[in-house]
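In our numbering, the protein residues as written are -17 to 306. Ideal Cβ placement from N, Cα and C applies to all residues, glycine included. This report concerns only the one structure given below.
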Ligand code: FUB
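Following this line, the structure appears as structure tokens:
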């Protein structure tokens, strides 16, 4: 009796000790990676893993202008431990393109991964305005290998009703299988349907109304029956957003969710729901030797209020906690 009481006490002691010694939660930290410089996040979830697609800033310290030749893929199952899959896509993968690997966007459809990217067109005759065009690369796995199935862009300066700077694609595959291609910069935003093959336009390019202060970087996500269109607003940019019950609008402007970033006029957001949490990805100039052309991807929590409106993002150095 006496012995078992002691055993019980010892077991309780061990339990109490364990409970006290619970390890501190781990955090992702911001920026997420100390190298390479990463910019323009896009995210998707596949098989319980979050995949992050980024551009990469290669400008040397102290010089101005974007120098961008390639895009990276990273993945995580817990928001803290990340795998760098490398620069799996680059300018060289697009025979029609010459330079400027700007902000891309990858989506899953029909069991494949479609990575839409803007680049400057090689052909001087295709450079009617700023010369940017948008093409696609496709893969069987989010981390590649990726191949351009077309050998030409899907949207270019020559596309009817395209804009002066054809960059920042955002492709949305809706629950009914319909596919929508959004893009925009320099205060202009456009939308067009894509055919089921993910490669061809399926209708006219339309203007979008109601996106107050729109500058660039549209991103569409859906929660319950509401579509959210977030975007970089003004320049230097904040992130603002609008909502609609219909992907074709009308959009109702909802205000600012993320303030300007010190030392980077761009911050290019991406929003994702992963394992029960909502995340806001963006870039800053936050590495010690960072700057407006040497940016780094960060992540913080995104929260909705009881009416489904997005609460203002609180930017942190800690980032987000580890999840199971
Ligand atoms: O990274 C180049 C350009 O800067 C992107 O396309 C824009 O969204 C802005 O982040």
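Excluding the 5 residues flanking it on each side, residue 113 has same chain C-beta neighbours closer than 8 angstroms at 102, 103, 139, in chain order. Cβ-Cβ distances below 8 angstroms link residue 109 to 102, 103, 139 in the same chain, with the five nearest sequence neighbours on each side left out; the list follows chain order.
Between the segment 176 to 185 and the segment 214 to 222 there are fewer than three C-beta pairs closer than 8 angstroms, too few to call the two in contact. Within 10 angstroms of the beta-carbon of residue 93 lie fewer than 16 other beta-carbons, which makes it exposed.
Residue 145 has its Cβ no nearer than 7 angstroms to any heavy atom of ligand 1. The beta carbon of residue 66 lies closer than 6 angstroms to those of 56 in the same chain, with the five residues before and after it left out. Look at residue 21: its beta carbon is less than 7 angstroms from one of the heavy atoms in ligand 1. The continuous stretches of beta strand (DSSP E) do not include residue 168, and DSSP gives it neither H nor E.
Looking at the DSSP output, residue 202 sits in a beta bridge with 211.
Of 291, 232, 226, 296, the smallest CA-CA separation from residue 242 is found for 296.
Assignment of residue 75 by DSSP, reduced to helix, strand and coil, places it in the helix class. Distance from the CA of residue 86 to the CA of residue 199, rounded to the nearest whole angstrom, comes to 10 angstroms. The continuous beta strand (DSSP E) containing residue 37 extends over residues 31 to 37. Counting the other CB atoms within 10 Å of its CB gives residue 117 a total of 16 or more, which places it among the buried residues.
Taking 8 angstroms as the cut-off, the Cβ atoms of residue 36 and residue 53 count as close. Taking a 10 Å sphere around the C-beta of residue 300, we find fewer than 16 other C-beta atoms and assign the residue as exposed.
As DSSP reads the structure, residue 100 sits in a beta bridge with 116. Taken through DSSP and simplified to helix, strand or coil, residue 186 comes out as coil. Residue nearest to residue 254 within the set 144, 285, 173 is 285 (criterion: CA-CA distance).
Within 7 angstroms of the C-beta of residue 114 there is not a single heavy atom belonging to ligand 1. Fully contained in the segment 216 to 255 are the following beta strand (DSSP E) runs of length 3 or more, in chain order: 220 to 226, 234 to 240. Scanning 105, 77, 23, 192 for the CA closest to the CA of residue 133 turns up 77.
Distances between the C-beta of residue 242 and the heavy atoms of ligand 1 are all 7 angstroms or more. The nearest non-hydrogen atom of ligand 1 is less than 7 angstroms from the C-beta of residue 150. With a threshold of 7 angstroms, the Cβ atom of residue 272 does not count as near ligand 1, since no heavy atom of the ligand is closer than that.
If the five residues before and after residue 163 are omitted, its C-beta is found closer than 6 angstroms to the C-beta atoms of 153, 174, 176, all from its own chain and listed in chain order.
Exclusion of the five residues before and after residue 305 leaves 60, 61, 257 as the residues of its chain whose Cβ lies within less than 6 angstroms of its Cβ. Ligand 1 has no heavy atom closer than 7 angstroms to the beta-carbon of residue 211. Closest in C-alpha terms to residue 190, from the list 126, 144, 262, comes 144. Separation of residue 51 and residue 141 (C-alpha to C-alpha, rounded to the nearest whole angstrom) is 24 angstroms. Boundaries of the beta strand (DSSP E) around residue 283: 278 to 283. Approximately 35 angstroms separates the beta-carbon atoms of residue 187 and residue 14; this is outside 8 angstroms, ruling out the contact. Relative to the non-hydrogen atoms of ligand 1, the Cβ of residue 24 never comes closer than 7 angstroms to any of them.
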